[in-house]
Amino acid sequence: MKKQIIITLLFIVSISGFGQDKNEEKAQMSDQLTMAVLWYQQSAEMRQAYYQAYNYAKLLVDNKLATIKTKRPSAVVLDIDETVLDNSPYEAMLIDSGWTYTGRTWKAWTDQERAEALPGALDFVNYAKKKGIEVFYISNRNVDELESTIKNLKGKGFPNADERFIQLKQESSDKTDRREKVANKYEVLVFIGDNLTDYSEEFGDRDADMGKTLVDEKKMELLNNFVMLPNPMYGEWEKAIYNNDYSKSDSVKLELRKSLLIR
């Protein structure tokens with residue numbers, strides 16, 4: 007525990023030049039992460055949720071292999087962050103510093119190449135590889151994070167940790183073209199991620215009910231093709247709270263958060 011605290015403090019010092027103007031609203035935004043990060047890092051429920059999700063992914067893979075008639079090679083497509091790698095220490099740093107996410111502090115974190123493998127992730131990708139299934143990673147990390155991403159994945163034992171199988175963001179966060187690039191050559195058996203947009207950009211800009219109606223309409227399609235992992239720390243669900251607009255001020259975001267609570 008002491009080692010973890012020292013590493014966190016050194017990280018904060020190392021990115022102090024990237025600091026943000028501190029104000030009450032930003033500090034509140036940051037502090038509201040605390041329970042989500044604690045659940046993600048410390049709860050046994052989180053661990054079981056990941057094991058359960060990856061076990062379901064195995065069942066989908068086995069079912070597809072037994073029923074799909076195709077001569078094309080098979081593949082699985084996974085997101086990286088909060089899907090195979092745990093970046094919750096970065097979120098904890100934001101809480102400690104009273105900051106919110108920025109691209110520069112995020113890259114300072116990924117440059118450290120120390121994100122841990124998430125429960126069930128390694129077991130699943132190795133299971134897929136043993137069955138002759140290729141593993142692809144499609145992430146919205148920026149392309150300038152490719153080298154550190156490869157080293158982090160390799161360091162944790164993930165297969166296919168090279169640029170042939172890792173597709174990062176170049177211009178657009180829309181993963182559609184990158185998914186199609188894989189689907190053009192492979193029969194994709196399952197998609198796995200912590201955001202619905204890891205399956206389809208159709209779930210990107212959400213309407214007044216936060217996309218829940220669309221999930222209901224697409225329920226069977228999702229159950230048969232996509233495995234959803236829990237992430238209470240950030241994601242498209244948060245963007246929907248802000249009417250799909252992250253550029254709103256922190257004070258407005260705080261009010262929107264409270265206003266949408268069901269009482």
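Throughout the sequence shown, residue numbering follows this note's numbering, covering 7 to 269 in sequence. Don't be surprised by glycine CBs; every beta carbon is placed ideally from N, CA and C. These figures come from a predicted structure and were not determined experimentally.
Answer with buried or exposed for residue i, where buried requires no fewer than 16 other C-beta atoms within 10 angstroms of its C-beta.
{"i": "LYS8", "result": "Residue placement at LYS8 cannot be trusted, given a pLDDT of 47 that sits under 50; the coordinates are not used to answer."}
{"i": "THR155", "result": "buried"}
{"i": "LYS187", "result": "exposed"}
{"i": "GLU151", "result": "buried"}
{"i": "MET99", "result": "buried"}
{"i": "ILE4", "result": "Nothing can be reported for residue 4, as the shown portion of the chain is limited to 7 through 269."}
{"i": "ASP183", "result": "exposed"}
{"i": "ARG185", "result": "buried"}
Please state whether the Cβ-Cβ distance between residue i and residue j is less than 8 Å.
{"i": "GLY126", "j": "TYR57", "result": "yes"}
{"i": "ARG53", "j": "TYR192", "result": "no"}
{"i": "GLN34", "j": "LEU260", "result": "yes"}
{"i": "VAL141", "j": "VAL82", "result": "yes"}
{"i": "ASP85", "j": "ILE139", "result": "no"}
{"i": "PRO165", "j": "LYS135", "result": "yes"}
{"i": "ASP64", "j": "TYR107", "result": "The displayed chain sequence assigns Lys, not Asp, to residue 64. Cβ distance not < 8 Å, so LYS64 and TYR107 don't count as in contact."}
{"i": "ASP129", "j": "TYR60", "result": "yes"}
Using alpha carbons as the reference points, say which of the options lies closest to residue i.
{"i": "ASP92", "options": "ALA121, ALA98, LEU100, GLY104", "result": "ALA121"}
{"i": "PRO95", "options": "LEU260, LEU39, TYR133, GLU227", "result": "LEU39"}
{"i": "MET216", "options": "VAL90, VAL67, SER178, LEU266", "result": "LEU266"}
{"i": "GLU244", "options": "ASP200, LEU220, ILE144", "result": "ASP200"}
{"i": "ARG147", "options": "LEU128, ILE139, PHE164, GLU177", "result": "GLU177"}
{"i": "ASN237", "options": "GLU51, ILE139, SER253", "result": "GLU51"}
{"i": "TRP105", "options": "GLU30, PHE232, LYS254", "result": "GLU30"}
{"i": "ASP180", "options": "ASP204, ALA214, VAL131, TYR46", "result": "ASP204"}
{"i": "PHE232", "options": "VAL90, GLN48, SER206", "result": "SER206"}
{"i": "TYR62", "options": "VAL131, THR182, ASP213", "result": "VAL131"}
{"i": "ALA214", "options": "ASN250, ASN190, THR182, THR73", "result": "ASN250"}
For residue i and residue j, what's the separation of their Cα atoms in angstroms?
{"i": "THR76", "j": "LYS264", "result": "50 Å"}
{"i": "PHE209", "j": "MET234", "result": "13 Å"}
{"i": "MET239", "j": "GLU97", "result": "8 Å"}
{"i": "GLU153", "j": "SER80", "result": "26 Å"}
{"i": "ILE198", "j": "VAL258", "result": "32 Å"}
{"i": "ASN2", "j": "VAL196", "result": "Limits of the chain in this structure are 7 at one end and 269 at the other, which puts residue 2 out of reach."}
{"i": "LEU71", "j": "LYS32", "result": "49 Å"}
{"i": "ILE268", "j": "ASP222", "result": "20 Å"}
{"i": "LEU66", "j": "SER36", "result": "38 Å"}
{"i": "ILE11", "j": "SER103", "result": "The predicted position of ILE11 is uncertain, since its pLDDT is 48 and thus under 50; a value taken from the coordinates is nonetheless stated next. Between ILE11 and SER103, the C-alpha separation is close to 13 Å."}
{"i": "ARG212", "j": "ALA123", "result": "30 Å"}
{"i": "ALA55", "j": "LYS218", "result": "21 Å"}
{"i": "LEU159", "j": "ALA246", "result": "30 Å"}
Within 8 Å (strictly less), CB to CB, does residue i reach chain C?
{"i": "GLY104", "result": "Reference to chain C is not applicable here, since this structure consists of a single protein chain."}
task = Determine, using beta-carbon pairs with one atom in the stretch 225-234 and one in the stretch 111-118, whether at least three such pairs fall under 8 Å.
result = Judged by pairs of C-beta atoms under 8 Å, the stretch 225-234 does not touch the stretch 111-118, as fewer than three such pairs exist.
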